[in-house]
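Novice: First, the structure itself, so that you have it in front of you.
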Amino acid sequence: MGLELRFSQRLDWEQPPNRLARALAEKRAAGEPVLDLTESNPTRAGFLYETEAILGALARPGSMIYEPQPAGLRRAREAVSAYYAERGLAVGPDRILLTASTSEAYGYLFKLFADPGAVAAAAKPSYPLLDYLADLDGVRLRYYRLRYDGRWHVDFDSLKQALARGARLVLAVTPNNPTGSYLSPEETARMAALCEAHGAALAVDEVFWDYRLEETPAPEIEAGECPVLVLNGLSKILGLPQMKLAWITALGPGHERILSRLEWISDAYLSVATPVQQALGEWLGLRRRFQAQVKVRLRANLGGLEAAVAGTPCDVLRPEGGWYAVLRLPRIRSEEDWALSFLDDGVLVQPGYFFDFEKEAFAVLSLLTPPETFAEGVARIMARVARQAG
Ligand SMILES: Cc1ncc(COP(=O)(O)O)c(C=O)c1O
Numbered sequence: 004m005g006l007e008l009r010f011s012q013r014l015d016w017e018q019p020p021n022r023l024a025r026a027l028a029e030k031r032a033a034g035e036p037v038l039d040l041t042e043s044n045p046t047r048a049g050f051l052y053e054t055e056a057i058l059g060a061l062a063r064p065g066s067m068i069y070e071p072q073p074a075g076l077r078r079a080r081e082a083v084s085a086y087y088a089e090r091g092l093a094v095g096p097d098r099i100l101l102t103a104s105t106s107e108a109y110g111y112l113f114k115l116f117a118d119p120g121a122v123a124a125a126a127k128p129s130y131p132l133l134d135y136l137a138d139l140d141g142v143r144l145r146y147y148r149l150r151y152d153g154r155w156h157v158d159f160d161s162l163k164q165a166l167a168r169g170a171r172l173v174l175a176v177t178p179n180n181p182t183g184s185y186l187s188p189e190e191t192a193r194m195a196a197l198c199e200a201h202g203a204a205l206a207v208d209e210v211f212w213d214y215r216l217e218e219t220p221a222p223e224i225e226a227g228e229c230p231v232l233v234l235n236g237l238s239k240i241l242g243l244p245q246m247k248l249a250w251i252t253a254l255g256p257g258h259e260r261i262l263s264r265l266e267w268i269s270d271a272y273l274s275v276a277t278p279v280q281q282a283l284g285e286w287l288g289l290r291r292r293f294q295a296q297v298k299v300r301l302r303a304n305l306g307g308l309e310a311a312v313a314g315t316p317c318d319v320l321r322p323e324g325g326w327y328a329v330l331r332l333p334r335i336r337s338e339e340d341w342a343l344s345f346l347d348d349g350v351l352v353q354p355g356y357f358f359d360f361e362k363e364a365f366a367v368l369s370l371l372t373p374p375e376t377f378a379e380g381v382a383r384i385m386a387r388v389a390r391q392a393g
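Basically this note's numbering = 1-based index in the sequence shown + 3.
Shown next as structure tokens:
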């Protein structure tokens with residue numbers, strides 16, 4: 004008799020691969036080339052990294068000493084504080100706790116605010132990993148909607164409903180993945196007031212904050228009436244997801260108690276490696292050069308996409324920031340059928356349902372894609388749309 008393993012229900016994720024995944028696997032197995040318009044790994048997107056400086060910063064003598072500190076080494080937290088000072092924000096190092104990733108930071112916040120079975124609220128459409136991260140902590144997500152009328156807005160009625168269902172923690176991503184929309188200061192203030200009224204905390208993931216696509220400055224997250232936990236890290240700021248360093252900044256009422264409890268959680272893991280903490284200050288000093296080349300690419304790809312859709316039945320739901328663009332397709336077929344037909348033409352996109360768009364038909368394209376691949380992929384997409392919808 005085989006061993007009967009009884010797994011936790013947190014991991015009830017088994018699903019047969021969808022049609023798109025199957026078709027992609029077949030194409031790859033047959034050795035057919037695919038133009039990947041979903042590439043979001045910055046280390047594989049052809050950017051120039053200052054490799055010597057990045058690796059050199061790890062070789063500090065302090066990297067050989069283990070000084071376990073749950074919030075992270077002070078010099079690293081001071082470097083994060085200096086990053087905020089350059090953005091014009093006064094965030095002292097005592098407000099900051101380091102984690103190995105933003106994903107880990109979400110896990111800490113679920114553990115801090117939600118008992119198993121408790122509810123947290125997240126936006127739709129938004130970052131699909133949030134569902135899995137919530138499952139891993141036994142937290143149930145309820146959703147509030149973002150709506151588009153030329154720009155994206157928080158649908159406050161749905162947020163109120165999620166809070167009325169007991170959400171202890173409200174998650175927001177600004178600029179959001181994949182819509183590229185920043186929360187406006189009015190939206191943040193209103194969300195904070197609603198959270199305060201329901202005894203909830205607000206977590207704001209601003210990993211894409213530095214990648215503003217418009218000329219006007221990006222709206223900053225301010226301390227609100229409720230506790231506000233701001234998440235950020237090196238995956239996007241420096242395009243270094245492999246270095247595993249992120250942080251939580253605690254703003255607003257209760258921040259001292261929040262940080263001391265976050266330290267209890269962090270003390271159980273102590274997951275941030277010392278060399279990356281030692282290197283952080285020097286690394287953050289390199290960010291402008293890295294970000295400048297990324298922004299050139301994001302803007303060029305977005306400009307090319309907008310030019311390609313002009314005069315077609317498609318349009319681009321204009322992102323204000325971040326690494327993605329949402330393409331609205333004619334509703335003559337499903338998102339999956341569109342994505343499959345693009346794949347027939349050798350182009351991979353993410354259908355909107357991966358992100359839970361309210362309606363059909365959308366495709367999400369990564370603006371990080373190398374420009375030639377992006378331009379050729381978009382040309383094939385538009386040719387297919389013209390054939391199908393013409
Ligand atoms: C909204 C959002 N948050 C965070 C991250 C990065 O997470 P991590 O810091 O865990 O690498 C991503 C990466 O795609 C993201 O899209």
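Every residue, glycine too, gets a C-beta built ideally from N, C-alpha and C.
1. Between the Cα of residue 225 and those of 391, 387, 191 and 237, spot the shortest distance and give me the residue it belongs to.
2. Specify the secondary structure class of residue 354 as computed by DSSP and reduced to three states.
3. Closer than 8 Å is the cut-off here; do at least three beta carbon pairs connect the segment 185–205 with the segment 338–357?
4. Are residue 408 and residue 198 close, meaning C-beta to C-beta below 9 Å?
5. Confirm the yes/no value for this check: CB of residue 180, any heavy atom of ligand 1, distance under 8 Å.
6. At a threshold of 8 Å, does residue 322 count as lining ligand 1 (C-beta to nearest heavy atom)?
7. What does the shell around ligand 1 hold, if a residue joins when its beta-carbon is under 5 Å from any heavy atom?
8. May I ask which residues mark the beginning and end of the beta strand (DSSP E) holding residue 236?
9. Got a sec? Which residues, its chain only, sit under 8 Å from residue 319 by beta carbon, not counting five neighbours each side?
10. When you compare the segment 283–296 with the segment 131–140, are there three or more beta-carbon pairs, one atom per stretch, that lie closer than 8 Å?
11. For residue 46, which of 362, 314, 242 and 267 has the nearest alpha-carbon?
12. Give the straight-line distance between the Cα atoms of residue 247 and residue 20, rounded to the nearest whole angstrom.
13. Roughly how many angstroms lie between the CA atoms of residue 207 and residue 37, to the nearest whole one?
14. Could you tell me if residue 341 is buried or exposed, where buried requires 16 or more neighbouring beta carbons within 10 angstroms of its beta carbon?
15. Out of 356, 317 and 6, point me to the one whose CA is closest to residue 393's CA.
16. Does the distance from the CB of residue 233 to the CB of residue 261 come in under 9 Å?
17. Suppose only complete runs of 3+ residues qualify. What are the beta strand (DSSP E) ranges in the segment 241–319, listed by chain order?
18. Mind pulling the beta strand (DSSP E) runs of 3 or more residues that sit fully within the segment 127–180?
19. Determine the closest residue to residue 160 out of 153, 154 and 168, with distance taken between C-alpha atoms.
20. What are the boundary residues of the alpha helix (DSSP H) that residue 109 is part of?
21. Contact check, residue 171 vs residue 126 under 8 Å by CB: the rounded distance?
22. Out of curiosity, what's the CA-to-CA distance linking residue 101 and residue 87?
23. How long is the line joining the alpha carbons of residue 128 and residue 363, rounded to whole angstroms?
24. Excluding five sequence neighbours on each side, which residues of the same chain lie with their C-beta closer than 6 Å to the C-beta of residue 98?
25. Under a three-way DSSP split, which group does residue 13 fall into?
26. By DSSP, does residue 43 sit in helix, in strand, or in coil?
27. For residue 367 and residue 228, what's the separation of their Cα atoms in angstroms?
28. Tell me the DSSP secondary structure of residue 84 in three-state form.
29. Can you check which of these residues, 354, 186, 303 and 130, is closest to residue 154 by C-alpha distance?
30. Which of the three DSSP states is assigned to residue 227 in this structure?
31. Suppose contacts are defined by Cβ-Cβ distances below 9 Å. Is residue 216 in contact with residue 183 by that definition?
32. From which residue to which residue does the alpha helix (DSSP H) around residue 367 run?
33. Apart from the five residues just before and just after residue 338, which ones in its own chain have a Cβ nearer than 6 Å to its Cβ?
34. What is the DSSP secondary structure of residue 99, counted as helix, strand or coil?
35. Excluding five sequence neighbours on each side, which residues of the same chain lie with their C-beta closer than 8 Å to the C-beta of residue 68?
Specialist: Result, derived from the coordinates:
1. 191
2. strand
3. no
4. The chain is shown only over 4 to 393; residue 408 falls outside these bounds and no answer can be derived.
5. yes
6. no
7. 104, 105, 106, 130, 176, 180, 208, 210, 236, 238, 244 and 249
8. 231–236
9. 305, 308, 309, 312, 328, 329, 330 and 331
10. no
11. 242
12. 29 Å
13. 35 Å
14. buried
15. 317
16. no
17. 249–254
18. 143–151, 155–157 and 172–176
19. 168
20. 105–116
21. That belief does not hold up - the Cβ atoms of residue 171 and residue 126 are roughly 16 Å apart, past 8 Å.
22. 15 Å
23. 12 Å
24. 252 and 253
25. helix
26. coil
27. 35 Å
28. helix
29. 186
30. coil
31. yes
32. Segment 365–369 is the beta strand (DSSP E) holding residue 367; no alpha helix (DSSP H) there.
33. 354, 355, 356, 363 and 364
34. strand
35. 277
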